[in-house]
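Before any comments, here is the structure.
In my numbering, the protein residues as written are 48 to 366.
Written out as structure tokens, the structure reads:
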């Protein structure tokens with residue numbers, strides 16, 4: 048596995064902790080402000096230089112920026128313009144050796160939690176979702192519209208993904224519910240994910256294995272990981288307890304997923320792709336920051352992941 052961490056576009060404490068933990072590769076988020084033009088090569092050069100000068104090699108972009116993604120998923124009047132910008136983006140990714148684009152198909156409502164004050168081990172605070180606390184928004188989209196928009200997007204961009212050697216890694220809907228208010232969701236089951244990555248026959252279309260989301264779908268990780276093995280381009284290392292209607296994050300060693308066993312399963316299946324820790328607790332002494340992405344929880348999770356990776360790679364596990 049290739050250990051990465053999630054880096055926002057501007058230097059913060061998580062950059063320093065990741066570097067001190069020995070992380071050399073980055074899953075990066077592009078700037079999302081008016082001063083950054085996604086079609087301007089000079090702007091890209093400045094952003095990438097910030098990472099490489101710090102000693103981090105960007106390998107993945109996550110997410111496809113919302114300024115593009117939102118219009119593409121809903122199929123509004125800016126869709127074609129945003130698809131063209133996505134294609135230009137892949138050209139620049141190729142130029143800088145960034146090989147994976149993590150994207151999702153959650154329209155109007157992205158990954159969603161209804162609380163960030165749930166107490167986990169030792170009083171650390173984690174995020175959670177409870178369908179009873181969900182408040183509807185004044186938006187609507189149907190599953191048919193989502194599938195139509197998805198297929199149009201994939202068919203438009205996959206020739207360029209192949210040309211520029213960029214892998215498109217589809218993230219499942221989180222939470223994986225068929226409907227939130229009047230907003231329908233489609234990437235909510237292994238069956239639907241298989242349908243999505245079969246829209247075209249391409250080695251450049253696959254998945255981000257967000258293992259906790261697949262578990263919340265009710266899927267058996269020991270079954271679906273081998274089935275998806277050659278289509279897993281990127282892994283989100285995350286743990287959780289509950290079910291799709293009511294769940295919360297945990298420390299990575301304290302949820303339903305036996306993390307060492309699952310990493311051994313990836314290894315057994317020949318899956319050697321970038322991996323990053325995801326959705327960490329807010330720990331004692333920390334101020335509230337970006338929910339799920341504060342510094343000390345990441346520090347703990349990276350160390351835990353590194354220990355598992357070393358054990359898996361040096362020993363033979365039966366899974």
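Idealized CB from N, CA, C, for every residue including glycine. Note that the structure is a prediction, hence the values are computed from the model and not measured.
For residue i, the three-state DSSP class (helix, strand or coil)
i: residue 80; result: coil
i: residue 216; result: strand
i: residue 94; result: helix
i: residue 178; result: helix
i: residue 303; result: coil
i: residue 226; result: strand
i: residue 321; result: strand
i: residue 255; result: strand
i: residue 315; result: helix
i: residue 359; result: helix
i: residue 205; result: helix
i: residue 71; result: coil
i: residue 101; result: helix
i: residue 298; result: coil
i: residue 63; result: helix
i: residue 196; result: helix
i: residue 189; result: coil
i: residue 290; result: strand
i: residue 260; result: helix
i: residue 111; result: coil
i: residue 308; result: helix
Cβ-based burial, residue i [other Cβ within 10 Å; buried from 16]
i: residue 47; result: There is no way to answer for residue 47, as the model of the chain reaches only from 48 to 366.
i: residue 58; result: exposed
i: residue 182; result: exposed
i: residue 61; result: buried
i: residue 88; result: exposed
i: residue 232; result: buried
i: residue 331; result: exposed
i: residue 74; result: buried
i: residue 99; result: exposed
i: residue 323; result: buried
i: residue 186; result: exposed
i: residue 69; result: exposed
Distance, residue j Cα to residue i Cα
i: residue 208; j: residue 135; result: 10 Å
i: residue 356; j: residue 154; result: 35 Å
i: residue 338; j: residue 289; result: 19 Å
i: residue 190; j: residue 165; result: 32 Å
i: residue 90; j: residue 170; result: 42 Å
i: residue 149; j: residue 72; result: 15 Å
i: residue 163; j: residue 221; result: 15 Å
i: residue 352; j: residue 51; result: 11 Å
i: residue 345; j: residue 151; result: 23 Å
i: residue 260; j: residue 76; result: 21 Å
i: residue 204; j: residue 168; result: 44 Å
i: residue 341; j: residue 138; result: 32 Å
i: residue 102; j: residue 96; result: 10 Å
i: residue 144; j: residue 104; result: 9 Å
i: residue 333; j: residue 287; result: 22 Å
i: residue 294; j: residue 326; result: 13 Å
i: residue 310; j: residue 347; result: 17 Å
Neighbour flag for residue i against chain D, beta carbons, 8 Å
i: residue 266; result: Any reference to chain D falls outside this structure, which holds one protein chain only.
Mind the definition here: the segment 303-310 touches the segment 124-140 only if three or more C-beta pairs lie below 8 Å; say whether that holds. Under the 8 Å Cβ criterion, the segment 303-310 does not count as touching the segment 124-140, having fewer than three qualifying pairs.
Take every Cβ of the segment 281-288, pair it with every Cβ of the segment 235-251, and state whether three or more of those distances are shorter than 8 Å. no
Where are the beta strand (DSSP E) runs, 3 residues long or more, that stay fully inside the segment 114-174, in chain order? 147-151 and 162-166
Count the CB pairs spanning the segment 263-280 and the segment 310-325 that are closer than 8 Å, and state whether there are at least three. These segments touch.
Using a Cβ distance threshold of 8 Å, determine whether the segment 140-160 contacts the segment 107-125, with at least three qualifying pairs required. yes
Between the segment 103-118 and the segment 167-183, are three or more C-beta pairs nearer than 8 Å? no
Inter-stretch contact (C-beta, 8 Å, three-pair minimum) for the segment 257-270 and the segment 335-351: As far as the Cβ criterion goes, the segment 257-270 does not touch the segment 335-351, which means the pair count is below three.
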